[in-house]
Amino acid sequence: MTGWSRDKTWREECGVFAAVGVPHAAAVVGLGLHALQHRGQESSGLVSCDERGEFHSHKGIGLVSEVYDDAILAELPGQLAVGHNRYSTTGSLTLENTQPLRVVYRGGPLALAHNGNLVNARELRQGLEGSGSIFQTTLDTEIFLHLMALSTAEGPEEGLVEAAQQVRGAFSLVVLTRDAVLALRDPHGFRPLCIGRLGDGYVVASETCALDLVAAEFVRDVEPGEMVRIDPKGLRSRRVMPAATPARHCIFEHIYFSRPDSRVFGETVDRVRRRIGHRLAEEHPVGADLVIAVPDSSNSIALGFSERSGIRFELGLIRNHYVGRTFIQPHQGERDSTVRVKFNPVHEVLRGERVVLVDDSIVRGTTSRKLVRMIRRAGAREVHFRVGSPPVTHPCFYGIDTPSRRELIGAVKTVEEIREFLGADSLGYLSHQGLLACERDGGRFCSACFTGHYPVAVDPSASKLALETLHRTTSAGPAS
Ligand code: AMP
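This is how it looks when you write it as structure tokens:
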């Protein structure tokens with residue numbers, strides 16, 4: 014993963030976690046959120062419900078380890094809790110925009126955490142504001158709460174079903190009510206969501222790596238279109254929307270986002286990435302002395318490339334893991350300094366060698382270009398760039414924050430022009446067909462970022478800040 018937390022406009026998405034029927038659920042959620050840190054580093058929030066049905070919450074800007082400590086978690090009692098890590102995909106960074114969103118409505122208190130992006134948020138919000146709704150955030154997530162409040166259905170469970178039937182796009186949700194956690198996934202299953210068993214209770218998480226940390230046993234994924242209600246007595250499942258056939262899981266979760274130790278969409282991510290590496294080596298063979306990864310997200314792909322090509326894998330780039338939100342700005346004007354804050358080459362490994370540099374994706378091309386230059390300066394004789402996905406040509410509207418088309422190098426340059434821009438001796442992208450062949454049943458994935466075939470219709474003019482602009486133009490005050 015080489016994306017910067019601050020100086021790039023495309024960003025990671027979110028992670029959700031819930032615990033039900035376990036002693037001190039908030040502590041379990043805190044751990045779960047820690048394991049999901051890679052899915053969002055901007056802010057984190059946690060809401061618990063105690064035995065009397067009272068809600069307690071804490072949220073903050075920063076990493077999980079910065080937001081919570083034992084004393085804070087001790088103030089969040091109860092056997093039910095939900096939490097969220099955020100990296101803004103809709104709306105900008107404010108504490109108000111930190112999830113879970115907590116409200117009290119006629120159905121009682123509620124806290125809702127959402128991973129994904131709604132594609133009809135703008136029109137829904139315009140309609141809701143037109144009939145008097147007052148929004149507190151610039152998040153598409155808040156629309157669920159307003160739709161629930163307007164629903165005539167009995168209780169939060171039915172209200173959530175009605176709300177979910179009106180929104181379009183990607184949503185993996187965990188919702189805390191007074192007596193249960195509801196977990197719901199959109200009909201396409203864009204984002205992952207899984208259930209684990211922990212003692213007498215359950216946990217729900219974006220990825221299985223979070224189950225591992227809390228020592229929960231993987232039970233199954235929440236199915237597309239399914240709502241699961243979990244209370245201290247057990248789990249009840251309902252299909253609330255017909256599942257799309259085929260499903261449209263986000264293929265970029267397998268390529269880049271999820272952790273390799275997670276089981277996502279029925280497969281361990283490391284296994285998919287190995288196959289991507291194998292296929293990449295078959296599609297774009299090259300004579301070279303060593304294979305290196307852009308750590309960490311392309312490690313498994315580079316290992317796969319090495320396995321299939323027989324070219325030895327080396328650690329040629331070392332990543333500094335402590336580049337958090339508040340990293341020290343390099344001196345202005347220093348060449349390639351932004352990449353040097355995060356990566357350093359191992360000169361002795363690279364000097365005089367013909368190097369295959371493997372990355373999972375090229376988005377704008379700017380990081381990749383700096384890395385090629387860095388590796389050359391470290392003395393590599395040749396640099397052959399290999400990419401574990403096809404050119405990213407279209408923005409994502411379902412929860413991965415990619416820049417607009419004109420900023421996507423794959424949309425505006427040919428492969429040869431990109432090679433030239435990167436300064437690489439050769440460049441090979443995995444073909445789209447090859448990528449799908451690396452998946453078990455490639456037909457069940459969304460790969461709109463590589464094809465422009467959006468499974469749920471999107472408004473191409475919609476931007477990440479769509480709701481903020483809407484807020485500015487339809488209300489007197491600034492977004493709050
Ligand atoms: P660039 O081509 O310079 O835009 O950067 C490509 C690098 O960004 C690759 O190493 C990817 O692992 C990483 N990357 C891809 N998508 C994202 C994303 N949405 N957020 C952060 N980093 C990303």
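Whatever position you read off the sequence shown (first residue = 1), add 13 for the numbering used here. All C-beta atoms, glycine included, are put in the ideal place defined by N, C-alpha and C.
(1) The beta strand (DSSP E) that contains residue 211, what's its start and end?
(2) For ligand 1, I want to know if residue 265 counts as a neighbour, meaning its beta carbon is within less than 8 Å of at least one of the ligand's heavy atoms.
(3) So what does DSSP say about residue 71, is it helix, strand or coil?
(4) May I have the straight-line CA-CA distance separating residue 431 from residue 125, to the nearest angstrom?
(5) Would you mind reading off the limits of the alpha helix (DSSP H) that contains residue 381?
(6) Tell me the residue span of the alpha helix (DSSP H) that contains residue 283.
(7) Could you give the first and the last residue of the continuous alpha helix (DSSP H) run that contains residue 47?
(8) Roughly how many whole angstroms lie between the Cα atoms of residue 54 and residue 166?
(9) Compare the Cα-Cα distances from residue 388 to each of 364, 350, 254, 403 and report the closest residue.
(10) Since residue 357 sits in a beta bridge, which residues does DSSP pair it with?
(11) Quick test of your reading: residue 196 and residue 31, contact by CB under 8 Å. State the CB separation rounded to the nearest angstrom.
(12) Is it buried or exposed, residue 339, if we count other Cβ atoms within 10 angstroms and call 16 or more buried?
(13) Can you check the region 118-147 for any alpha helix (DSSP H) of at least 4 residues that lies completely inside it and give the ranges in chain order?
(14) Which parts of the region 403-484 are runs of the beta strand (DSSP E), unbroken and 3 residues or longer, counting only runs that do not cross its ends?
(15) For residue 367, which residues in the same chain have their Cβ closer than 6 Å to its Cβ, ignoring the five residues on either side in sequence?
(16) Nearest to residue 464 by CA position, among 434, 436, 424, 184, is which residue?
(17) Could you check the C-alpha separation between residue 358 and residue 299 for me, to the nearest Å?
(18) With DSSP collapsed to three states, give me the class of residue 215.
(19) Considering only their Cβ atoms, is the gap separating residue 148 from residue 115 smaller than 9 Å?
(20) If residue 62 and residue 189 are in contact, beta carbons under 8 Å, what's the gap, nearest whole angstrom?
(21) Applying the criterion that 16 or more other CB atoms from any shown protein chain within 10 Å of the CB defines a buried residue, is residue 495 buried or exposed?
(22) Might you give, ordered along the chain, the residues of its own chain that have their beta carbon closer than 6 Å to the beta carbon of residue 341, omitting 5 neighbours on each side?
(23) To the nearest angstrom, how far is the alpha carbon of residue 422 from that of residue 406?
(24) Look at residue 33 and residue 217 and say whether their C-beta atoms are less than 9 Å apart.
(25) Which class does residue 254 belong to by DSSP, given the choice of helix, strand or coil?
(26) Following the continuous alpha helix (DSSP H) through residue 159, name the residue where it begins and the one where it ends.
(27) For residue 26, which three-state DSSP category applies?
(28) Expressed to the nearest angstrom, what Euclidean distance is found between the alpha-carbon atoms of residue 141 and residue 158?
(29) Would residue 454 be called buried (16 or more neighbouring beta carbons within 10 Å of its own) or exposed?
(30) I'd like to know whether the C-beta atoms of residue 209 and residue 297 end up nearer to each other than 9 Å.
(31) Would you say the beta carbon of residue 469 is closer than 8 Å to some non-hydrogen atom of ligand 1?
(32) In terms of residues, what are the limits of the alpha helix (DSSP H) holding residue 321?
(33) Pull the bridge partners of residue 247 from the DSSP assignment, please.
(34) Using a 10 Å radius around the Cβ and a threshold of 16 neighbouring Cβ atoms, would you call residue 246 buried or exposed?
Judging by the given coordinates:
(1) 207-211
(2) yes
(3) strand
(4) 43 Å
(5) 379-390
(6) 282-296
(7) 38-48
(8) 36 Å
(9) 364
(10) 331
(11) 7 Å
(12) Legend: pLDDT at residue 339 = 45, less than 50; position of this residue unreliable, no value from coordinates given.
(13) 134-143
(14) 439-442
(15) 301, 302, 394, 395
(16) 424
(17) 22 Å
(18) strand
(19) no
(20) 6 Å
(21) One cannot answer for residue 495 here, as it falls past the ends of the chain, which runs 14 to 493.
(22) Low confidence applies here, because residue 341 scores a pLDDT of 49, under 50, leaving its location unreliable; read the following figure in that light. Closer than 6 Å at the Cβ level, and outside the excluded window around residue 341, lies no residue.
(23) 8 Å
(24) yes
(25) coil
(26) 155-163
(27) coil
(28) 11 Å
(29) exposed
(30) no
(31) no
(32) 312-322
(33) 244
(34) exposed
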